[in-house]
Amino acid sequence: MSEKRSLPMVDVKIDDEDTPQLEKKIKRQSIDHGVGSEPVSTIEIIPSDSFRKYNSQGFKAKDTDLMGTQLESTFEQELSQMEHDMADQEEHDLSSFERKKLPTDFDPSLYNISFQQIDAEQSVLNGIKDENTSTVVRFFGVTSEGHSVLCNVTGFKNYLYVPAPNSSDANDQEQINKFVHYLNETFDHAIDSIEVVSKQSIWGYSGDTKLPFWKIYVTYPYMVNKLRTAFERGHLSFNSWFSNGTTTYDNIAYTLRLMVDCGIVGMSWITLPKGKYSMIEPNNRVSSCQLEVSINYRNLIAHPAEGDWSHTAPLRIMSFDIECAGRIGVFPEPEYDPVIQIANVVSIAGAKKPFIRNVFTLNTCSHITGSMIFSHATEEEMLSNWRNFIIKVDPDVIIGYNTTNFDIPYLLNRAKALKVNDFPYFGRLKTVKQEIKESVFSSKAYGTRETKNVNIDGRLQLDLLQFIQREYKLRSYTLNAVSAHFLGEQKEDVHYSIISDLQNGDSETRRRLAVYCLKDAYLPLRLMEKLMALVNYTEMARVTGVPFSYLLARGQQIKVVSQLFRKCLEIDTVIPNMQSQASDDQYEGATVIEPIRGYYDVPIATLDFNSLYPSIMMAHNLCYTTLCNKATVERLNLKIDEDYVITPNGDYFVTTKRRRGILPIILDELISARKRAKKDLRDEKDPFKRDVLNGRQLALKISANSVYGFTGATVGKLPCLAISSSVTAYGRTMILKTKTAVQEKYCIKNGYKHDAVVVYGDTDSVMVKFGTTDLKEAMDLGTKLPNMSPLYSNIRLT
27 MSEKRSLPMV DVKIDDEDTP QLEKKIKRQS IDHGVGSEPV STIEIIPSDS
77 FRKYNSQGFK AKDTDLMGTQ LESTFEQELS QMEHDMADQE EHDLSSFERK
127 KLPTDFDPSL YNISFQQIDA EQSVLNGIKD ENTSTVVRFF GVTSEGHSVL
177 CNVTGFKNYL YVPAPNSSDA NDQEQINKFV HYLNETFDHA IDSIEVVSKQ
227 SIWGYSGDTK LPFWKIYVTY PYMVNKLRTA FERGHLSFNS WFSNGTTTYD
277 NIAYTLRLMV DCGIVGMSWI TLPKGKYSMI EPNNRVSSCQ LEVSINYRNL
327 IAHPAEGDWS HTAPLRIMSF DIECAGRIGV FPEPEYDPVI QIANVVSIAG
377 AKKPFIRNVF TLNTCSHITG SMIFSHATEE EMLSNWRNFI IKVDPDVIIG
427 YNTTNFDIPY LLNRAKALKV NDFPYFGRLK TVKQEIKESV FSSKAYGTRE
477 TKNVNIDGRL QLDLLQFIQR EYKLRSYTLN AVSAHFLGEQ KEDVHYSIIS
527 DLQNGDSETR RRLAVYCLKD AYLPLRLMEK LMALVNYTEM ARVTGVPFSY
577 LLARGQQIKV VSQLFRKCLE IDTVIPNMQS QASDDQYEGA TVIEPIRGYY
627 DVPIATLDFN SLYPSIMMAH NLCYTTLCNK ATVERLNLKI DEDYVITPNG
677 DYFVTTKRRR GILPIILDEL ISARKRAKKD LRDEKDPFKR DVLNGRQLAL
727 KISANSVYGF TGATVGKLPC LAISSSVTAY GRTMILKTKT AVQEKYCIKN
777 GYKHDAVVVY GDTDSVMVKF GTTDLKEAMD LGTKLPNMSP LYSNIRLT
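Adding 26 to a residue's 1-based position in the sequence shown gives its number in the numbering used here.
Spelled out as structure tokens, the structure:
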């Protein structure tokens with residue numbers, strides 16, 4: 027073991043202690059780096075003199091040189107209880123980390139494989155880029171028995187649509203074949219085939235007649251964008267077809283295109299029928315998954331995420347936290363400052379307690395009740411063995427607090443500085459290196475944030491800091507503040523200023539630091555469970571159809587895009603590739619009734635329109651597919667109010683008599699599905715299933731409310747201000763009518779004791795002073811309003 031040096035202490039004052047990175051990561055004192063040893067490159071974690079496992083035994087109060095007598099903390103008592111509760115199932119042996127073995131008699135001709143897919147990505151089979159059949163979509167997942175799966179879905183060709191040329195020979199198959207030959211000469215054999223189909227464009231109503239489109243299949247996915255550009259810019263010259271450019275349709279990423287066409291939604295279950303899939307030969311396997319298979323996309327079975335297929339696989343969830351030591355007054359830098367401890371807590375989705383609790387430490391450390399300690403003489407050995415631990419445990423989901431921007435990048439950069447060459451390979455693809463990519467995430471809902479991304483193939487990442495920043499408005503986002511707010515507890519009582527002293531002390535002081543680190547790994551797991559982060563995001567992925575990874579990496583629009591493409595596929599409709607650009611066009615927002623300021627010592631009833639904007643879109647059939655103009659009205663001889671309506675904003679939309687809009691259909695399905703989920707929630711007794719159903723109904727509510735915003739995003743995939751401005755115009759009308767109706771109905775001249783006054787109104791609600799001082803009477807008056815007229819049927823008292 028290397029000799030340590032104790033360096034002088036210097037107090038450091040920090041002004042901004044509300045920054046999560048500062049609270050969690052600043053370790054200001056110096057520590058020996060543990061140099062002088064060659065990096066360790068082992069495949070298995072092997073206990074040795076420098077890599078000790080301290081099994082849990084009894085615990086007593088301990089004397090420390092640094093802090094005097096330190097009594098057992100509440101967290102340590104909780105760990106002790108975990109050990110007691112799980113004594114019958116916990117083996118303190120490294121083999122207990124591994125997944126359940128596959129049956130020795132497993133035969134792909136006899137067994138179906140059903141698994142919950144958790145991640146999807148485009149890839150190339152066997153690393154061959156120039157063969158038509160090489161491009162695949164990889165689905166990673168887990169079976170009900172807990173076996174890990176990598177499924178290569180093959181044979182799916184990407185495509186785009188263009189309107190068939192307005193030419194007499196556009197339907198001549200011989201001419202089409204010649205055009206294919208021309209395109210292949212121009213684009214290096216990029217075209218597989220062209221199919222003539224009949225479709226309608228989602229944009230605008232012009233009658234019920236379908237138009238001819240060309241569905242152009244490409245040999246490899248990335249050629250779609252090159253072709254799209256050539257068509258749109260008029261770079262083609264064949265029989266004068268498309269020489270002036272043309273709109274292309276259905277611009278969607280290859281992975282999502284396959285998922286849409288195969289009916290696969292995020293985090294759903296897939297069945298591979300026996301005899302239809304093939305096992306990848308051992309020498310061609312690229313992953314550490316227990317099952318690595320391939321199947322043609324036509325043969326897989328996608329299950330809707332409902333009924334028997336609404337459950338969650340026994341996903342392995344690993345929460346971790348690192349402690350690192352910085353130089354005096356300097357924020358830790360991986361090129362210079364060591365990682366001194368890594369704590370890990372591993373649980374199964376739906377389980378009450380984690381089944382793995384351990385800490386990897388630099389230097390010796392006394393045992394912790396209910397946990398395991400892995401002690402190392404050098405930092406290189408600790409990092410290498412932690413990487414091996416991940417491979418052995420094989421987590422499906424990696425969580426933590428600020429792990430995306432700090433812990434994971436720091437570990438990768440630290441391992442690089444120490445030349446621990448095997449470290450950056452802890453994903454499920456054996457030869458794919460984990461690398462840091464800087465990115466800027468920007469959306470109207472979440473603002474602009476710089477972030478670091480590390481793709482860990484086959485493993486989901488859920489940073490609880492990012493989740494909570496997206497979903498909750500809090501004064502402080504430190505782990506301490508967030509834990510106090512949601513859990514009613516806080517981190518262990520170790521100030522960052524004494525961390526180096528604890529590390530430079532003895533096994534007992536390092537034990538206290540390890541308990542602190544372990545608590546910081548356990549709290550994100552507690553937060554995830556309390557806030558149902560994994561459950562809610564799983565259901566959001568299922569409802570919107572996008573991969574789980576999109577939910578943190580992408581904004582709101584991709585969720586609506588996915589739903590639109592799925593519905594359009596059902597009804598032979600295509601979506602134009604709109605050129606996204608900023609617009610100066612503005613539409614009037616929601617009505618705000620000027621507040622009557624003052625202090626009110628009488629009850630104020632808040633009357634809220636339930637799902638106002640979705641309700642307006644459904645009631646008035648507002649959609650891309652129903653939008654029309656005066657010329658269309660005259661050409662088709664449409665009758666006002668019967669065949670079409672003019673919105674308060676002056677836009678024309680046909681009624682359901684002519685065509686029911688896609689957006690109203692999507693909204694109706696979302697709202698109906700939410701009602702079913704809420705009904706099932708009332709009837710369900712199992713706590714975990716109740717969490718799933720509650721997460722589903724919340725996801726459905728959010729999805730319904732986001733459709734309106736999608737149409738109003740001027741920089742987006744499919745902006746339509748005629749829809750968004752008409753929705754707000756109807757909303758303004760309803761709010762103002764409600765104000766008038768309330769004040770005309772509840773007044774002295776109608777026999778009431780007081781004249782009601784609307785004291786404020788905003789977007790989808792009004793606040794009413796009925797005048798009574800009795801709370802029950804005010805609530806009774808508020809609940810009677812929906813009975814006044816069908817116009818107010820969806821008003822509720824909140």
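We put the CB at the ideal spot given by N, CA and C, even for glycine.
Problem set entry | Inter-stretch contact (C-beta, 8 angstroms, three-pair minimum) for the stretch 579 to 587 and the stretch 737 to 757 | yes
message: Measuring only the C-alpha atoms, how far is residue 661 from residue 232?
response: As a first step, residue 661 is located in the sequence shown; it is residue number 635 there, counting from the start. As a first step, residue 232 is located in the sequence shown; it is residue number 206 there, counting from the start. So the alpha carbons of these two residues sit roughly 9 angstroms apart.
#### Entry: Bridge partners - residue 480, DSSP secondary structure assignment
As a first step, residue 480 is located in the sequence shown; it is residue number 454 there, counting from the start. Paired residues: 462.
Exercise. Reducing DSSP to helix, strand and coil, say where residue 686 ends up.
Key: Numbered from its first residue, the sequence shown carries residue 686 at position 660. DSSP places residue 686 in coil when its eight states are reduced to three.
- DSSP three-state call for residue 101: helix, strand or coil? In the sequence shown, residue 101 corresponds to position 75, counting from 1. Three-state result, residue 101: helix.
- If you compare alpha carbons, which of 279, 150, 788 and 169 is closest to residue 161? As a working note, residue 161 is residue 135 in the sequence shown. Comparing Cα-Cα distances from residue 161 to each of 279, 150, 788 and 169, the minimum goes to 150.
| message | Check for me: the alpha helix (DSSP H) holding residue 186 runs from which residue to which? | response | Counting from 1 along the sequence shown, the entry for residue 186 is found at position 160. No alpha helix (DSSP H) contains residue 186, which is instead part of the beta strand (DSSP E) from 185 to 189.
Next item on the list: Enumerate in chain order the residues of its own chain whose CB-to-CB distance from residue 270 is below 8 angstroms, with the five nearest sequence positions on each side excluded.
Entry: By 1-based counting over the sequence shown, the position of residue 270 is 244. These residues qualify, in order along the chain: 260.
If distances are taken between C-alpha atoms only, which option among 411, 765, 666 and 539 comes closest to residue 621? Taking the first residue of the sequence shown as position 1, residue 621 is located at position 595. Closest option to residue 621, Cα to Cα, is 765.
Practice problem: Provide the residue(s) that pair with residue 267 in DSSP beta bridges, ordered along the chain. | Solution: Here residue 267 is taken as the residue at index 241 of the sequence shown, counted from 1. In DSSP, residue 267 forms a bridge with 264.
Q | Cα-Cα separation between residue 729 and residue 739, rounded to whole angstroms | A | For the purposes of this step, residue 729 is taken as residue 703 along the sequence shown, with counting starting at 1. For the purposes of this step, residue 739 is taken as residue 713 along the sequence shown, with counting starting at 1. Approximately 15 angstroms between the Cα atoms of the pair.
| Under the three-state reduction of DSSP, which class applies to residue 108: helix, strand or coil? | Mapped onto the sequence shown, residue 108 falls at position 82. In the structure shown, residue 108 sits in a helix (DSSP, three-state: H, G or I).
### Query
Given residue 365, which residues of its chain have a CB within under 8 angstroms of its CB, disregarding the five upstream and five downstream residues?
As a working note, residue 365 is residue 339 in the sequence shown. The beta carbon of residue 365 sits closer than 8 angstroms to the beta carbons of 348, 349, 350, 388, 405, 408, 409, 436, 437 and 440 from its chain, once the five residues preceding and following it are set aside; these are given in chain order.
Would the stretch 220 to 234 count as touching the stretch 173 to 182 if we require 3 or more Cβ pairs under 8 angstroms?
no
Which residues bound the alpha helix (DSSP H) around residue 290?
Here residue 290 is taken as the residue at index 264 of the sequence shown, counted from 1. Here residue 290 belongs to no alpha helix (DSSP H), and DSSP marks it neither H nor E.
* Asked: Which value, in whole angstroms, describes the spacing of the CA atoms of residue 665 and residue 748?
  -> Position 639 of the sequence shown, counting from 1, holds the residue named residue 665. Position 722 of the sequence shown, counting from 1, holds the residue named residue 748. Those two C-alpha atoms are separated by around 20 angstroms.
* Asked: How should residue 784 be labelled, buried or exposed, when 16 other C-beta atoms within 10 angstroms of its C-beta is the threshold for buried?
  -> Reading the sequence shown from its first residue, position 758 is the one you call residue 784. Buried is the call here.
Let's test the definition: count the other Cβ atoms within 10 Å of the Cβ of residue 559 and tell me whether it reaches 16, buried, or not, exposed. Here residue 559 refers to the residue found at position 533 when the sequence shown is read from its first residue. Result: buried.
task: Could I get the ranges of all uninterrupted beta strand (DSSP E) runs contained in the stretch 649 to 698, with 3 residues as the minimum, in chain order?
output: As far as the stretch 649 to 698 is concerned, its whole beta strand (DSSP E) runs of at least 3 residues are 670 to 672 and 678 to 680.
- Task: Please specify which runs of the alpha helix (DSSP H), each continuous and at least 4 residues long, are wholly inside the stretch 264 to 347, giving them in chain order.
- Result: You should have 280 to 288.
Handout entry: Proximity winner among 302, 642, 344 and 653, relative to residue 734 (alpha-carbon distances)
Key = One-based indexing of the sequence shown puts residue 734 at position 708. The shortest C-alpha separation from residue 734 is found at 642.
message = Just to confirm, is the Cβ distance from residue 675 to residue 751 under 7 angstroms?
response = Within the sequence shown, residue 675 is the residue found at index 649, counting from 1. Within the sequence shown, residue 751 is the residue found at index 725, counting from 1. Yes; because the gap between Cβ atoms is below 7 angstroms, this pair is in contact.
If you drop the 5 nearest sequence neighbours on each side, which residues of the same chain put their C-beta closer than 6 angstroms to that of residue 424? The residue labelled residue 424 in the question sits at position 398 within the sequence shown. Excluding residues within five positions, the ones whose Cβ falls inside 6 angstroms are 344, 485 and 487.
- For residue 716, which of helix, strand or coil comes out of DSSP? Here residue 716 corresponds to residue number 690 of the sequence shown, with the count starting at 1. In the structure shown, residue 716 sits in a helix (DSSP, three-state: H, G or I).
request  = For residue 719, I'd like the list of residues in its chain whose CB is within less than 7 angstroms of its CB, leaving aside the five on either flank, ordered along the chain.
outcome  = Against the sequence shown, residue 719 aligns to sequence position 693. Excluding sequence neighbours, residue 719 sits near 703, 706, 707 and 710.
_Let me check one thing: in DSSP terms, what residues is residue 365 bridge-paired to?_
Counting from one through the sequence shown, the residue named residue 365 turns up at place 339. BP columns for residue 365 point to 350.
| query | How big is the Cα-Cα spacing for residue 430 and residue 266? | reply | The residue labelled residue 430 in the question sits at position 404 within the sequence shown. The residue labelled residue 266 in the question sits at position 240 within the sequence shown. Using only the alpha carbons, I get a separation of about 52 angstroms.
For this session: Go ahead and pull the three-state DSSP assignment for residue 602.
Result: Here residue 602 is taken as the residue at index 576 of the sequence shown, counted from 1. Here residue 602 sits in strand by DSSP.
Closest by CA to residue 190, which one among 273, 214, 212 and 163? Residue numbering aside, residue 190 sits at position 164 when the sequence shown is read from its first letter. Among 273, 214, 212 and 163, the Cα nearest to that of residue 190 belongs to 273.
(request) Would you kindly work out how many angstroms separate the C-alpha atoms of residue 427 and residue 463, rounded to a whole number? (result) Sequence index remark: in the sequence shown, residue 427 carries index 401 (1-based). Sequence index remark: in the sequence shown, residue 463 carries index 437 (1-based). In a straight line, the C-alpha of residue 427 is about 19 angstroms away from that of residue 463.
Contact belief for residue 669 with residue 683 at Cβ below 8 angstroms, rounded distance in angstroms
Here residue 669 refers to the residue found at position 643 when the sequence shown is read from its first residue. Here residue 683 refers to the residue found at position 657 when the sequence shown is read from its first residue. Correct: roughly 6 angstroms between the Cβ atoms.
Handout entry: Nearest-angstrom Cα separation, counted from residue 218 out to residue 582
Key = In the sequence shown, residue 582 corresponds to position 556, counting from 1. In the sequence shown, residue 218 corresponds to position 192, counting from 1. The C-alpha of residue 218 is placed about 34 angstroms away from the C-alpha of residue 582.
Start and end residues, beta strand (DSSP E) containing residue 548: The residue given as residue 548 occupies position 522 in the sequence shown. Not the beta strand (DSSP E): residue 548 falls in the alpha helix (DSSP H), residues 533 to 556.
In whole angstroms, what is the alpha-carbon distance linking residue 650 and residue 599?
In the sequence shown, the residue the question calls residue 650 occupies position 624. In the sequence shown, the residue the question calls residue 599 occupies position 573. Spanning the two alpha carbons is a distance of roughly 11 angstroms.
Query raised in the report: Does the distance from the CB of residue 533 to the CB of residue 295 come in under 7 angstroms?
Result: Within the sequence shown, residue 533 is the residue found at index 507, counting from 1. Within the sequence shown, residue 295 is the residue found at index 269, counting from 1. For residue 533 and residue 295, no; Cβs fall outside 7 angstroms.
| said: Under 8 angstroms: do the stretch 316 to 324 and the stretch 288 to 303 share three or more Cβ pairs, one atom per stretch? | reply: Taking 8 angstroms as the limit for Cβ pairs, the verdict is that the stretch 288 to 303 does touch the stretch 316 to 324.
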